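Trainee: Chains as they are written, first to last, in the working numbering: chain A, 3 to 491; chain B, 255 to 577; chain C, 767 to 1031; chain D, 767 to 1031; chain E, 199 to 648.
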Amino acid sequence: MSLPLIVLVILALAAAGFVLGRGRAMASAGGDIRLLHSLPGYYGWNVALAAMIPAFLALVLWLAIQPVVINGQVSSMISQGSIDASSLDLVMSDVRRVAEGLDTAVAAGALTAEEAGSLRTEFTDVRERLGQVGVALGSDVTSETLHAAQRYRELSGLGDLGRAIVVLGLAVLGAAWAWQRSNKDFRARNSVERVVRWILIAAASIAVLTTVGIALSLIFNTVEFFRLYPAADFFFGLTWSPSFGGGSELGIIPLIWATLYISLIALAVSVPVGLFAAVYLSEYATPAVRAVAKPLLEVLAGIPTIVYGLFALLTVGPLLVDVFGNGGLLGVDWMAGGTAVMTAGLVMGIMLIPFVSSLSDDIINAVPQAMRDGSLGLGATHSETVKQVILPAALPGIVGAILLAASRAIGETMIVVLGAGAAAKLSLNPFEAMTTVTAKIVSQLTGDADFASPEALVAFSLGMTLFVITLGLNIFALYIVRKYREQYE
Amino acid sequence: AIARDQIQIAGSSTVLPYASIVAEAFGENTDFPTPVVESGGSSAGLKKFCTGVGENTIDIANASRPIRESEIKACAEAGVTDIMEVRIGYDGIVFASDINGADFAFTPTDWYKALAAEVVVDGKLAANSATTWKQVNDALPEQEIQAFVPGTKHGTREVFEEKVMMQGCEDSGALKAMVDGGMDKKDAAKKCITLRTDGRSVDIDGDYTETLARLDANKAGIGVFGLAFYENNTDKLKVATMSDVTPSTQSIASGEYPVSRPLFFYVKKAHIGVIPGLKEFAQFFVSDELAGPDGPLAQYGLVSDPELAKVQEAVASETTLTH
Amino acid sequence: MNQMTKPEKVAAMNEAKISAEKVQVFYGDTHAIKDVSIRIEEKTVTAFIGPSGCGKSTFLRCINRMNDTIDVCRVEGNILIDGEDIYDPKVDPVQLRAKVGMVFQKPNPFPKSIFDNIAYGPRIHGLARNKAALEEIVASSLQKAGLWNEVKDRLDEPGTGLSGGQQQRLCIARAIAVSPEVILMDEPCSALDPIATAKVEELIDELRENYTIVIVTHSMQQAARVSQRTAFFHLGNLVEEGATNDIFTNPRDKRTQDYITGRFG
Amino acid sequence: MNQMTKPEKVAAMNEAKISAEKVQVFYGDTHAIKDVSIRIEEKTVTAFIGPSGCGKSTFLRCINRMNDTIDVCRVEGNILIDGEDIYDPKVDPVQLRAKVGMVFQKPNPFPKSIFDNIAYGPRIHGLARNKAALEEIVASSLQKAGLWNEVKDRLDEPGTGLSGGQQQRLCIARAIAVSPEVILMDEPCSALDPIATAKVEELIDELRENYTIVIVTHSMQQAARVSQRTAFFHLGNLVEEGATNDIFTNPRDKRTQDYITGRFG
Amino acid sequence: MTDTAMTYPAGKESGQAVRRKTSLLEVDALTRRRNAAERRFKIYGIVAILIGLFFLVALLYAIFSNGLTAFNQTFVSVPVTLEKSAVEQAEASIVKTSRYNAMIDEALAAELGRAGIATEMKPADLRKMLSSGAAAQVRSFVLANPGRIGETVTFDLLASSRVDGYLKGRVTRDALVNDKNLDAAHLDLVDLMQDKGIVEKRFNMDFITGSDASDSRPEQAGIGVSMIGSLYMMLVVLFLSLPIGVAASIYLEEFAPKNRLTDLIEVNISNLAAVPSIVFGILGLAAFIQFAHLPQSAPIVGGLVLTLMTLPTIIISTRASLKAVPPSIRDAALGVGASKMQSVFHHVLPLAAPGILTGTIIGLAQALGETAPLLLIGMVGFIASNYPGSVASGFLDPNSAMPAQIYEWAKRADPAFYERAWGGIIVLLLFLMTMNIVAIILRRRFERRW
Ligand SMILES: Nc1ncnc2c1ncn2[C@@H]1O[C@H](COP(=O)(O)OP(=O)(O)OP(=O)(O)O)[C@@H](O)[C@H]1O
Ligand SMILES: Nc1ncnc2c1ncn2[C@@H]1O[C@H](COP(=O)(O)OP(=O)(O)OP(=O)(O)O)[C@@H](O)[C@H]1O
Ligand SMILES: [Mg+2]
Ligand SMILES: [Mg+2]
Ligand SMILES: O=P([O-])([O-])[O-]
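1) For A:Ala93, which of A:Leu447, A:Thr467, A:His149 and A:Ala205 has the nearest alpha-carbon?
2) Quick one: using the 10 Å Cβ neighbour count with 16 as the cut-off for buried, is D:Asn883 buried or exposed?
3) My assumption, with CB atoms under 8 Å, is that B:Ile314 sits in contact with B:Ile263. Please give the rounded CB distance.
4) Mind listing, in chain order, the continuous alpha helix (DSSP H) runs of no fewer than 4 residues lying wholly within the region 378 to 433 of chain B?
5) Once DSSP output is grouped into helix, strand and coil, what is the label at B:Ala570?
6) Sorted by chain position, which residues of the same chain lie with C-beta nearer than 8 Å to A:Glu457's C-beta, five sequence neighbours on each side aside?
7) The alpha helix (DSSP H) with E:Met600 in it runs from where to where?
8) Just to check, is the beta-carbon of D:Ser929 closer than 7 Å to a non-hydrogen atom of ligand 3?
9) For A:Thr481, count neighbouring C-beta atoms within 10 Å of its own C-beta (all shown protein chains included) and say buried if the count is 16 or more, exposed if not.
10) Check whether the Cβ of B:Val269 sits closer than 7 Å to any heavy atom of ligand 5, and report yes or no.
11) Measuring straight from C-alpha to C-alpha, what distance separates D:Asp729 and D:Phe881?
12) So if I threshold CB-CB distances at 7 Å, which residues from the region 414 to 432 of chain A count as touching chain B?
13) Taking 8 Å as the threshold (C-beta atoms), are E:Gly579 and B:Glu416 in contact?
14) For the alpha helix (DSSP H) that E:Phe401 lies in, which residues bound it at each end?
15) Answer yes or no: the CB of E:His384 versus the heavy atoms of ligand 5, is any distance below 7 Å?
16) Just the C-alpha distance for A:Ile8 and A:Ala109, rounded to the nearest angstrom, thanks.
17) So with CB distances below 8 Å, who are the chain A contacts of C:Val944?
18) When you compare each of D:Ala939, D:Asp854 and D:Thr963 to D:Gly887 by their alpha carbons, which one comes out closest?
19) Which chain A residues sit within Cβ distance under 7 Å of D:Asp858?
20) In this structure, how does DSSP classify B:Leu556 when only helix, strand and coil are distinguished?
21) Locate the alpha helix (DSSP H) running through B:Val493, then write down its first and last residues.
22) Do you know offhand how far D:Ile903's Cα is from D:Leu913's?
23) Express the C-alpha separation of C:Arg991 and E:Ser212 in angstroms, rounding to a whole number.
24) By Cβ distance, which residues of its chain are closer than 6 Å to D:Val948, with the 5 residues on each side in sequence left out?
25) At a Cβ threshold of 8 Å, is B:Ala315 touching chain H?
26) Taking B:Val269 as the reference, give the member of B:Tyr484, B:Val390, B:Ile342 and B:Phe535 with the closest Cα.
27) In this structure, what does DSSP give as the bridge partners for D:Ser785?
28) Which of the three DSSP states is assigned to D:Cys839 in this structure?
29) For C:Asp795, does the count of other Cβ atoms within 10 angstroms reach 16, so buried, or fall short, so exposed?
30) Less than 8 Å between CB atoms is the rule here; does B:Ser296 satisfy it with respect to chain A?
Written out as structure tokens, the structure is:
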């Protein structure tokens, strides 16, 4: 039984279970749903879930284990000689390919099932036979491989059969068990809600697992990096200048500095603009204006960052030079080239406007009208109401939106590379070119340096360090929200 | 796990255009599926290459530099032992400016004097104060120094440092002066290749299109490009001579033009015979029809390998690296 | 949102603090107030009585244009305060509301501290010279509303953590803290016990010396106790308006009589 | 959130529908209910009276564990309904609340249609066999709450667009629509006019035949009219509890007497 | 508070402020100031929106003015005689297509002769006007229709990128001075051929539906296949990140006990939002490809990586909107005996829906435009696969994604790719808007005040 078919059958069993469970509960109450502990649908779901959950869990387990077992079985047939010639893994993949080719051939009618099982390399050019049905093989098939492939097919067939029996059996058993418990006093709702709750917990733990995964995928290389490069130089070094011939200086400080600097400028643009836009949209704008302007602003979040990068490089940068550069409008000579912290910050700020505006708008909209009435009734102007009553009440959501924007600013690469430059520098002047941690993670990871060298490995430590720093910033933000949160009602 | 039937390639973005031309032609001319060529850089490609053998690892890594000893070691630790090295040709590195600007005829010395962070003035090291090319070399035009050089992630940077900056440092006698001045040889060499950070030299971490865009925004700039890129943009760029040689596939192949680097790809021998078409692809790549001086690769800008025949032979006999 | 038919000729009605003429209010299609004309005198307490849903709150909200905030709400006719049409485009609703304060039917404290709840109005109107004066205003407002003793130790706790009756008194204190000329109170004692109610009624009596007060109440006794004049609403109509005594002892309309004697429905 | 000290020995109190023993409630540090023990009999109406802020609502919310939703709130002591400890970890608060309905002090209609407001409870409890039965329940609940006539033509308009008193009756209708065994009403008539109040009181009287009712009220008259037993709270203490007649004619405690004669404060 | 200076006559000793009577029609000084502040505030709002819209228009202008030309392409129609011997000879060689080129050269020369266009150029030189993909086009026709060998078939062959650029005004005769791929003489020919209708510029559906082409033939590159890749990735993202994100938020906001652990999870999730997207690529490579053995370059892996990347965005916005729902709604539901779960799903969630949808809109937009993580899981580069044969292979076969395709094009040397990159951005934006329209409509329906 093929995998999609099994899934379909389980779903069908669940659907049947739903109907039966619901029916049995109804019958036990004599058709009067008022006598039931829970709504009839809950009994149905209870049976459906009992059919699906164990079956799907078993299916997943089976899918994970069967290949391992079969591989183990089949690989014991491979002679040491062939393993030495290439590697077990590769021979096995060849076996799988042949097995699959045989399957295809059988499916295409080029071979009968028996033939496929009894084919001998001595008598048939397997490569050619399979080639005829469009299966390309890298080399001629050895008899060992063919044997193994045939064994593989046998075992897979067996495994698939077992899988179908076990999984479907579990589904039936689960459904039957839940079905016989479906009577009017059974707390079906509680049981279903317990399952839903576990699903919710599982969802929440995915976020945690992601963090663990990130930490794990960074940590080994980070440790490796620190073995090659002194940690103190990395954390406190004021120069960032990797070089291929060794003797790189990999101080993170200038990168952190520029990251914060650029993000700060980006937020200085996006937060006021976004907040004012949000307030206007939710408090002043007519529904028609709002319905149009909000999605339009959201397009800003969807424009690929490479466009923003080019915009920074070709438009905003030169414009800023015209104003702040030598011989510019202001007559100051602060800016030498178009690429600068300011350029990247400004452009990034534009990109982040919808992050702040859209979410804040939703949250502001959710503040109960009674709060506005209370304030307006005291003779406050609309803006006073917004500033002193609505925004504080909406604070947690707004901080969430700003955090999201800040996060995005910290994680942005393309705009930085094109707008702020690629060379690290430690300077206070926002009109100078600098570069950020994220940009350097990308460039060191996609660069040409020896991948086992500190110049390449530093990407992982940069990632790890950034992770820790943003963690600190987030804890601080949480603290702020907790402190100033105003809960309405 | 389904068996994979197309070749997986990853690595250098410099090699990518050539690999993609070959892959496309390979798909069109054989019964094998078109290989997948990922970009991501030489380092990332080799790293993927060295995660092990087997279906879920790549078959070929492109690189714009030879594989390093430490990488070979890491590869071996993961079980990737028999590696075939295939040199496909050379990447010329050229210096170009805006098409409407002045003509330049550079020597490495000019670049060293213009871009080194510190230069030797009266036997002592001092911060580089040159602002125009003319100050560096009277023969050059009176134009602000503004160079767009590859960022430190790029292999091209290494070539630039070695073949231009270091060369210039030696040619101009600055290296000798520093060593004579009591400097450690190694430190002196490092000084030679350290670029100034006052904005005269701008690192480009992106690709050549970014350099081109920067020239567009700053007409006085001189950019460092690959030959192929220049040849596709002759309407916007004017190429400079280096030591009086004009870069071209011929002048580079003959070794006259000094600034170039070899391009490679690496094949896992263990995958040959397992991944359909792998060896065929490798042979196809270095065939005369493709990699030869009149093939589409050269057409696109690859400097064809003068010793192509040797390479073809090595591929045919599946010669692996011996270290 | 509010549309005003231009008054053809607004008669001089200087004696009355508030005078409404032919006011109509619609919520979408619902005609909530039908042709109500009334004069409310200065420095008196006027009680609005009537069955639930008859339009008392709606009419009250017209007087300080709080209905502006309801999208579907449309007001016609004119309302004059001190002879000035409050729906005149030149009138600034903000100034109007500073002059005409309101206590809402459902207590709606701000999600701020008790202190800030009261101090909010004085602050925005710049009524306190300094911090001490502000504290003074807060304390006296709370005292007048009879809440001071219960909250004096927890002024910095959130106003939303108060009991229902406490919230109601908080809102009363908040309204009087800005000393408006007219105070509109929508069932200010509904959640209060008799003693607290007495305290608020005392306050109203006291305020009457300087201010004009309109109070919505369901308690005939309360209307009788605190008001000088009473208006009876029914199904959106103003059925009868007059001196409280007259209304309660000698109603002219059958409906009024039925209502006050509890013989409705 | 709620911590229960294990009862050392819970005496048999079968006659009482609800019996509370040594209940303490804290809001953070505030001690809102102090050591309250009370028995509430089946099929009677019990009135909770007391000055604003004395803890009536708090205690009421303990009876159906609505306090669980307030983070800072902590309940100690035990409350038994039909002899079962409702704070027992085995008790499902959902089932408890289906059995013990509540009308909140501040009307809180769902932002849904009037019909859906009422129909929600019956739907989730499966009280109606079909659509017709559901409509039947909705109509009869609204009728009992005295709101039917006012809203029968606008059942699909939002419940939040009703007047204050209408919202309150909507919430009453919503609570009785699920026919709980015990109904807790927190000032259900505060926003109602006398006629509507009379209607609700009638309803309470009618419900008493089958249900146990606890009502918080500030009106002595109402307490006297509808309740058989009355409990007087003061500053978090249960001062006195007894037959309504006794409490009003012959209060044992000085504070009770002061309160009912209006001599407090 | 800054704009309400406390200059108004303050209260008397009683602590109760008393104010001067003023007419409603004349606005007093303080009110005037406050109203000015009000007006300013409102103007700030309008300005803020205008700023946003201004940049939107500027960006869209740049995108459209650079990209619209990508939708037109130049074709040359050439009748090619497919002689049997020539075909057989070609099929026998290593690089078969190069032999087909010779056939095309002859055919083109003959066609020019028929049209009466005299040229001194050799046939092989003429080919420079055609795409190098022309031979493959002819060959694949031959393979597909072996019966037509021997006939003369008219092919609409792609013109080379420079010829195309010439017709689009990008390439001029001056520009070709140093060019080794095309001469000014070719352009004269093109002019003549255009007059005769041999060369024609027309709408190019292949750009929207086609697959990537190598660096040497920009004229052939299309975004269609990578659009399919993006589509499959977005399906994964939508069907995983929205339910998981909402479920996680509900748990954290409504059910989880409030303690250190959940604080930690909360901080942790906001922190995930700040993780650079490429780090998710590192994770994806390690977790999905190296650990779980999912195939390289597959949209399913891309979708999973982008799901992890989008989750924090959706969780943060969902939690914020759940928080904004007033507690009285929950109380009301619980009070009639709804379970916590029911109160959340029946009442709270619908009220929080607008914020959730906003998070989804922004999250998906981000996911759709993201390139960096795809770099590490092999979806960037030259992945000219064909249309997936089935839904499953759509998830599993190597593919690219629109932003990756655009990013690749933007890097390529031939300037003809530049217009394609911008054209690709137009397609991406249209894709994005189509994707969002449902969410935007839904969001409007759920919006309500209470
Ligand atoms: N959420 C809360 N947080 C903190 N304190 C509270 C909270 N709710 C009530 N209190 C306090 O607990 C005490 C009792 O409040 P409760 O609401 O029970 O009073 P009540 O008797 O219902 O008064 P009222 O008649 O005014 O409604 C009051 O002092 C009140 O301020
Ligand atoms: N926002 C609204 N949208 C639609 N109809 C409304 C709205 N507010 C009130 N109404 C309707 O207008 C009528 C008058 O309502 P109003 O609130 O003025 O009554 P009320 O006299 O204050 O009653 P109560 O004593 O119950 O508070 C009622 O029928 C009510 O349902
Ligand atoms: Mg009202
Ligand atoms: Mg209360
Ligand atoms: O991508 P590169 O390794 O060639 O720079």
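Quick reminder that beta carbons are idealized off the backbone N, C-alpha and C, glycines included. These figures come from a predicted structure and were not determined experimentally.
Mentor: Taking the geometry as given:
1) Numbered from its first residue, the first sequence carries residue 93 of chain A at position 91. What sits at residue 93 of chain A in the sequence shown is Val, not Ala. Checked all of A:Leu447, A:Thr467, A:His149 and A:Ala205; the closest Cα to A:Val93 is A:His149.
2) Taking the fourth sequence and counting its residues from 1, one reaches residue 883 of chain D at position 117. Flag for D:Asn883 reads buried.
3) Translated into positions along the second sequence, residue 314 of chain B becomes position 60. Translated into positions along the second sequence, residue 263 of chain B becomes position 9. 4 Å between Cβ atoms; contact.
4) The region 378 to 433 of chain B contains these whole alpha helix (DSSP H) runs: 387 to 390, 409 to 414 and 421 to 425.
5) Start at 1 with the first residue of the second sequence, and residue 570 of chain B comes out as number 316. In the structure shown, B:Ala570 sits in a helix (DSSP, three-state: H, G or I).
6) Counting from one through the first sequence, the residue named residue 457 of chain A turns up at place 455. These residues qualify, in order along the chain: Pro244, Ser245, Phe246, Ser250, Leu252, Gln446, Gly449 and Ala451.
7) Position 402 of the fifth sequence, counted from the first residue, corresponds to residue 600 of chain E. Membership of E:Met600 in the alpha helix (DSSP H) is indicated by the continuous run Met600 to Lys609.
8) Position 163 of the fourth sequence, counting from 1, holds the residue named residue 929 of chain D. Yes, since a heavy atom of ligand 3 falls inside the 7 Å radius drawn around the Cβ of D:Ser929.
9) Counting from one through the first sequence, the residue named residue 481 of chain A turns up at place 479. Checking the displayed sequence, the identity of residue 481 of chain A turns out to be Tyr instead of Thr. Counting the other CB atoms within 10 Å of its CB gives A:Tyr481 a total below 16, which places it among the exposed residues.
10) Taking the first residue of the second sequence as position 1, residue 269 of chain B is located at position 15. Yes.
11) Not covered by the structure: residue 729 of chain D. The range shown for chain D is 767 to 1031.
12) Among the residues of the region 414 to 432 of chain A, those with a Cβ less than 7 Å away from any Cβ of chain B are Val419, Leu420, Gly423, Ala424, Ala425 and Lys427, in the order of the chain.
13) To locate residue 416 of chain B, count along the second sequence from 1; it is residue 162. To locate residue 579 of chain E, count along the fifth sequence from 1; it is residue 381. The answer is no: Cβ separation not under 8 Å.
14) Taking the first residue of the fifth sequence as position 1, residue 401 of chain E is located at position 203. From DSSP, E:Phe401 is part of no alpha helix (DSSP H) but of the beta strand (DSSP E) over Val397 to Phe401.
15) Here residue 384 of chain E corresponds to residue number 186 of the fifth sequence, with the count starting at 1. Relative to the non-hydrogen atoms of ligand 5, the Cβ of E:His384 never comes closer than 7 Å to any of them.
16) Taking the first residue of the first sequence as position 1, residue 8 of chain A is located at position 6. Taking the first residue of the first sequence as position 1, residue 109 of chain A is located at position 107. It is roughly 20 Å from the alpha-carbon of A:Ile8 to the alpha-carbon of A:Ala109.
17) Position 178 of the third sequence, counted from the first residue, corresponds to residue 944 of chain C. The contacting residues are Leu380 and Gly381.
18) Residue mapping note: residue 887 of chain D aligns to position 121 of the fourth sequence, counting from 1. Comparing alpha-carbon positions, the option among D:Ala939, D:Asp854 and D:Thr963 lying closest to D:Gly887 turns out to be D:Ala939.
19) Here residue 858 of chain D refers to the residue found at position 92 of the fourth sequence. The contacting residues are Asn192.
20) The residue given as residue 556 of chain B occupies position 302 in the second sequence. For B:Leu556, the secondary structure class from DSSP, reduced to helix, strand or coil, is coil.
21) Here the question's residue 493 of chain B lines up with position 239 in the second sequence. Run containing B:Val493: none in the alpha helix (DSSP H); it sits in the beta strand (DSSP E), Leu491 to Val493.
22) Locating residue 903 of chain D in the fourth sequence gives position 137, where the first residue counts as 1. Locating residue 913 of chain D in the fourth sequence gives position 147, where the first residue counts as 1. One C-alpha to the other measures close to 14 Å.
23) Stepping through the fifth sequence from its first residue, residue 212 of chain E is reached at position 14. Stepping through the third sequence from its first residue, residue 991 of chain C is reached at position 225. With a pLDDT of only 42 at E:Ser212, under the threshold of 50, the placement of this residue in the model should not be trusted; the figure read from the coordinates follows. C-alpha separation (whole angstroms): 27 Å.
24) Indexing the fourth sequence from 1 puts residue 948 of chain D at position 182. Excluding residues within five positions, the ones whose Cβ falls inside 6 Å are Val866 and Thr978.
25) This model lacks chain H altogether, as its protein chains are A, B, C, D and E.
26) If you number the second sequence from 1, residue 269 of chain B lands on position 15. With distances taken between CA atoms, B:Val269 lies nearest to B:Ile342 out of B:Tyr484, B:Val390, B:Ile342 and B:Phe535.
27) As a position in the fourth sequence, residue 785 of chain D is number 19, starting the count at 1. According to DSSP, which records beta bridges pairwise, D:Ser785 is partnered with D:Arg805 and D:Leu846.
28) Position 73 of the fourth sequence holds residue 839 of chain D. In the three-state DSSP reduction, D:Cys839 falls in the strand class (E or B).
29) For the purposes of this step, residue 795 of chain C is taken as residue 29 along the third sequence, with counting starting at 1. It counts as exposed.
30) By 1-based counting over the second sequence, the position of residue 296 of chain B is 42. Yes, B:Ser296 lies at the interface with chain A (some Cβ there is under 8 Å from its Cβ).
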